[in-house]
Structure formats: structure tokens, C-alpha cells
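The structure appears below as C-alpha cells.
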DNA sequence: GTAATTGCCTAAACAGATTAGGAAAGCGCA
DNA sequence: TGCGCTTTCCTAATCTGTTTAGGCAATTAC
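Residue numbers (our numbering), protein chains in the order written: chain D, 1 to 190; chain H, 1001 to 1190.
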């Protein structure tokens, strides 16, 4: 019988594509096996279990996202960098909804430590370099940016903006304007 | 054999408590049946299926949250109302993590229409009344507030702030200050 | 007290996750 | 080329969760 050529990497890659097609929740070992034309049990030599598969997809997505954001931000500063970061993030979520959902999969401390989360944190701080915020204000601002991006894209994906006008893209643009203004005049009165 | 006294309402209520204890994902018909000391199949006279159970828990949580936020905001205006809204929201997520997760369960259009989502939207707009923003800026600001609250609490719950100082509460306070400033000086230059 | 109703049961089918052990494909090496 | 070793995928089996169909017993209504 011809072999299917399973490897951990191919499974995770295919799992990520599957997530974009049918949703991260529905990305299960059995469905993945179906796509490779093998029995479910055959995956277990390459992936520890269902949770491990999802973790690996999450790590892949975090790396991809970090690569894209990093490329988008390179050579930019100030508001230019802010919008490049934000748009790269949002574009990724739109093009790869399943992978984006995967980036929200709760990681174990060990998995989180080996993830691209560190790169994400560093990039957020890099954005703020042009705004000259001292600690602890910089950390607060990093957290605000993360909250806005994560929250907006999450709500948009959940359809929270679907039943009201105007188009979310207009809100996105105006919100980025507002954030830029806010960062330039951050109230450091604590 | 003595009856367990199952009703849809009791099941949903218990399901919500279960979600807070073991997580919304783990809130399944079989586990719920276990807690009531009945067979899983017995639930199916009161709840259509697993998805229906989760939807009902989500609707319950949305109502509860709307009640709490509404009570917190009553009689307040401006920054006072803003922080009351925000804190009620965040407190609920802390006290009821499972229910809060349930509020993010994707609802069908019909379920969403019959949900407390409308109340949430109305309350967000009420908050902004004190800031005198004209449309479409008010809508953009509503979406920003929703994004920040949802994003911050989501990230906090996922442990995204656990491995860096300072305490998220400090960020929360400073972010609310910043939002207040931002809303009072919203850049209407579109 | 009996009839109708309702509530929870048993039984069964089915799908997904996971483990153990087997057979055969492909590789390294004489 | 052919031998054995390793790896890959398989079968078989178990367990858990979801869901439907049909039955008996507890409650309610008269």
C-alpha cells in the first residue's frame, strides 16, 4: 500500500488550511485524517493528541503573523508604523480566519514561552518608540493597542458590526487616527 | 423512582454555574446530566441539543451582564459612567469566567436578535451621550469602546498580561483615563 | 380512582479520541 | 541484489460524548 507521506509539519500545515476552511474548532484529528486519506490512528505517530495538534497550529499561526507584521512595520515609524502594524494584523485575520482563531488558543506556559509571543511584544514596543512614552506608560499603551486590535478584529469576525452602518473599515481608519492622537498626547498624570 | 425536577431553566442555570467552574468549552450535556444525577438522554426533552444548551447559557449571560452594566451606569454621566460601565464589564468577566466566555459564543441571527445585544448597544451609546459626538463618529467611538473592553478582558483572561509587570489593574485605570481624554477631544477630521 | 400527561429511563446507533500491537514499505548496507 | 532494521500506516479495541426512539412510572386532572 502506497504511503501517504505524513509528517508533523505537513499535518500542521494542512491543519492550518483546514482551520481557515471549516473553522479552528472543527479542526480535529479525524477530519484531518480524512483529508489525507488515512485512518485517524495513523496521525498519532506524528502528533501527540488533538490538543497537541491545535497547539502546533496556534504556534504556526503566531509565527506567520509575527513575520507579516514584522515585514509590514520594517522601515516605518510613528503613525505610519502604527497603521502598518494594525492593518497587517487585521488583514491576516480576514485572510486566515481559522489561523487567527488559533492564535487565541490558550497555550500552556511552556508552549507560550516557545511561541512567537515574545516577538509580538517586542514589535508592539517598537511601534511606540516614535511616541516617546516612559514606563510604565509605555506598557499601558502596549496593552491598549493589543486590546484594541484584538478586540476590534474579534468583534468584527464575530459579526458584531455586521448589522449596523457604517462599514467597519471606516471605524478602523478613524480609530487608528484616534489612537495616533492619543499616543501623541498620552495623559501621564498618574 | 423520584424525579430530578429538570426544567430548561434549571438546566441552563446549572450549566452557567458549571461553565464558571470548569470552563464554557467543557460545559456539555453529559457533564450536566452527571451533576443532576440523571442520564444524558433525559436532558433532551428540555434542551434541543448541545448547541442549544450553549446558546441558552450565552443568552443568560448576556442578560445578566446587561443588567449589571445597566445598574452600574444608572445615574452617572461622563467619565463616571465610562468607568462604571467598564468596571462592571470587567468584574463580571472575573467573577464569572465561564459565563463571560459564553457571551462570545457565536449566535445564530435569530438568537442574536432575541438577545440582550440590543441593550448592550444602547448602553454604549448612552455612555457617549456626555461626550457629544456626532454621527458617524459616535458609532466609531462605540466600536472603539467595545473593542477595548472586549480585547483587554479577553487578553487578561488568556493570561497575556500575566508575565509582565505592572499589574493589569494599573493599565486598566490608565487606559480608562486615556479613553476619557480621547473621547473629549475626538479628532473629527475625516 | 382512573385517565391522560409528562418525565426520566433503557437501548441503540454513531462519531471522535486514543492506545496497543501487527504488517509491510522503504532504507542502509553487505 | 537481497537481507534486516526502522518507520509508517493499519486493524482492532476501548472509552466517552451526542442523539433518537420507544417504554414505564410518577404526577396531574377530572
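Where a beta carbon is used, it is the ideal one built from N, C-alpha and C, also for glycine. Since the structure is predicted, the reported quantities are computational estimates derived from the model, not experimental observations.
Counted within 10 angstroms of its Cβ, other Cβ atoms place residue i as buried (16 or more) or exposed
i, result
"residue 1034 of chain H", "exposed"
"residue 1118 of chain H", "exposed"
"residue 1160 of chain H", "buried"
"residue 1022 of chain H", "exposed"
"residue 54 of chain D", "buried"
"residue 5 of chain D", "exposed"
"residue 1150 of chain H", "buried"
"residue 16 of chain D", "buried"
CA nearest to the CA of residue i, picked from the options
i, options, result
"residue 3 of chain D", "D/134, D/38 and D/57", "D/38"
"residue 165 of chain D", "H/1152, H/1140 and H/1146", "H/1140"
"residue 74 of chain D", "D/9, D/144, D/107 and D/123", "D/123"
"residue 1174 of chain H", "H/1142, H/1158, H/1133 and H/1082", "H/1082"
"residue 1232 of chain H", "D/87, D/167, D/90 and D/70", "Here chain H covers residues 1001 to 1190 and nothing more, so residue 1232 of chain H does not appear."
"residue 1048 of chain H", "H/1170, H/1028 and H/1143", "H/1028"
"residue 183 of chain D", "D/163, D/162 and D/144", "D/144"
"residue 1169 of chain H", "H/1090, H/1080 and H/1017", "H/1090"
"residue 1129 of chain H", "H/1187, H/1016, H/1050 and H/1080", "H/1080"
"residue 125 of chain D", "D/13, D/142, D/151 and D/112", "D/142"
"residue 1052 of chain H", "H/1106, H/1153 and H/1186", "H/1106"
"residue 1180 of chain H", "H/1015, H/1132 and H/1157", "H/1132"
"residue 1068 of chain H", "H/1046, H/1176 and H/1093", "H/1093"
"residue 113 of chain D", "H/1162, H/1036, H/1050 and H/1031", "H/1162"
"residue 176 of chain D", "D/14, D/13, D/87 and D/110", "D/87"
"residue 46 of chain D", "D/25, D/8, D/30 and D/76", "D/8"
"residue 1108 of chain H", "H/1152, H/1096 and H/1056", "H/1056"
"residue 157 of chain D", "D/95, D/14, D/36 and D/41", "D/95"
"residue 1036 of chain H", "H/1014, H/1120, H/1024 and H/1188", "H/1014"
"residue 1134 of chain H", "H/1110, H/1031, H/1040 and H/1188", "H/1188"
"residue 120 of chain D", "D/40, D/152 and D/63", "D/63"
"residue 76 of chain D", "D/50, D/127 and D/152", "D/127"
"residue 1024 of chain H", "H/1050, H/1153 and H/1111", "H/1050"
Nearest-angstrom beta carbon gap, residue j and residue i [assumed within contact, 8 Å]
i, j, result
"residue 1011 of chain H", "residue 1043 of chain H", "6 Å"
"residue 155 of chain D", "residue 1115 of chain H", "That belief does not hold up - the Cβ atoms of residue 155 of chain D and residue 1115 of chain H are roughly 15 Å apart, past 8 Å."
"residue 98 of chain D", "residue 19 of chain D", "3 Å"
"residue 71 of chain D", "residue 103 of chain D", "Rounded, the Cβ-Cβ distance is 17 Å, inconsistent with contact."
"residue 85 of chain D", "residue 61 of chain D", "Not really, about 17 Å apart at Cβ, beyond 8 Å."
"residue 1178 of chain H", "residue 186 of chain D", "6 Å"
Under 8 Å from the C-beta of residue i: neighbouring residues of chain D
i, result
"residue 1151 of chain H", "146, 147, 148, 149, 150, 151, 152 and 154"
"residue 1181 of chain H", "182, 185 and 187"
Residues that residue i contacts on chain D, provided the C-beta gap is smaller than 9 Å
i, result
"residue 1104 of chain H", "154 and 158"
"residue 1094 of chain H", "In chain order: nothing, as chain D lies at least about 16 Å away."
"residue 1110 of chain H", "Correct list: empty, because the minimum Cβ distance to chain D is about 13 Å."
Under 7 Å from the C-beta of residue i: neighbouring residues of chain H
i, result
"residue 29 of chain D", "Within 7 Å Cβ-Cβ: nothing; residue 29 of chain D doesn't reach chain H, min ~17 Å."
"residue 8 of chain D", "Neighbours of residue 8 of chain D on chain H: none; closest Cβ ~25 Å, over 7 Å."
"residue 166 of chain D", "1136 and 1139"
Neighbouring residues, chain H, relative to residue i (Cβ below 9 Å)
i, result
"residue 170 of chain D", "1136, 1139, 1140 and 1190"
"residue 17 of chain D", "Under the 9 Å cutoff, chain H gives no residues; its nearest Cβ is about 21 Å from residue 17 of chain D."
Under 7 Å by beta carbon: chain D residues contacting residue i
i, result
"residue 1161 of chain H", "143"
"residue 1083 of chain H", "Per Cβ cutoff of 7 Å: no residues; residue 1083 of chain H is ~14 Å from chain D at best."
"residue 1063 of chain H", "Residues of chain D passing the Cβ test: none, with the nearest at roughly 17 Å."
"residue 1021 of chain H", "Within chain D, no residue comes near residue 1021 of chain H; the closest Cβ sits about 17 Å away, beyond 7 Å."
Whole alpha helix (DSSP H) elements within the segment 60-94 of chain D, 4-residue minimum: none
Entirely enclosed alpha helix (DSSP H) segments - the segment 97-144 of chain D, minimum 4 residues: 97-102, 109-113 and 117-128
In chain order, each alpha helix (DSSP H) run of at least 4 residues that lies wholly inside the segment 7-36 of chain D: 8-22 and 29-36
Segments of 4+ residues assigned as alpha helix (DSSP H) that fall wholly inside the segment 1143-1184 of chain H: 1168-1184
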